[in-house]
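Heads up, the thing below is written out as structure tokens.
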Amino acid sequence: MAYQSKDLSVLAYANGFTLWHYTTADSGNTVDTSGYFNAASTMLRVGDIVVANVDTAATMKAGLFLVSANTGGVVDVNDLTQIGSADSR
Numbered sequence: 296m297a298y299q300s301k302d303l304s305v306l307a308y309a310n311g312f313t314l315w316h317y318t319t320a321d322s323g324n325t326v327d328t329s330g331y332f333n334a335a336s337t338m339l340r341v342g343d344i345v346v347a348n349v350d351t352a353a354t355m356k357a358g359l360f361l362v363s364a365n366t367g368g369v370v371d372v373n374d375l376t377q378i379g380s381a382d383s384r
């Protein structure tokens with residue numbers, strides 16, 4: 296799958312910072328590939344945070360991506376910082 300603009304939305308905006316939400320069936324490793332968010336390069340800024348639900352068609356994970364670069368229309372986000380871990384009970 297690929298980036299879908301309909302699945303990226305603003306949660307909050309203040310002082311030049313935007314908190315986003317993104318949901319996708321793609322894995323976290325796919326989403327954090329440089330260039331995944333290129334179609335959103337005019338909106339995403341370095342320092343923005345994307346709260347994400349990934350692997351939604353499998354074993355869903357949730358976490359945070361930091362927009363670490365956006366140069367010349369090429370967007371890169373850091374690896375997913377996962378929220379929570381496997382439920383052991």
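For the numbering used here, add 295 to where a residue sits in the sequence shown, where the first one is 1. Ideal placement from N, C-alpha and C gives every residue a C-beta, glycine not left out.
- Under DSSP, SER304 shares a beta bridge with HIS316.
- At the C-beta level, ASP302 and THR313 stay beyond 8 angstroms of one another.
- The shortest C-alpha to C-alpha distance from ALA353 to any of LEU361, ALA320 and VAL346 is the one to ALA320.
- Taking GLY367 as reference, the option from LEU339, VAL346, MET355 and PHE360 with the minimal CA-CA separation is LEU339.
- Runs of the alpha helix (DSSP H) lying entirely within the stretch 310-371, each at least 4 residues long, are 323-326 in chain order.
- The beta carbon of SER322 sits closer than 7 angstroms to the beta carbons of VAL349 and ASP350 from its chain, once the five residues preceding and following it are set aside; these are given in chain order.
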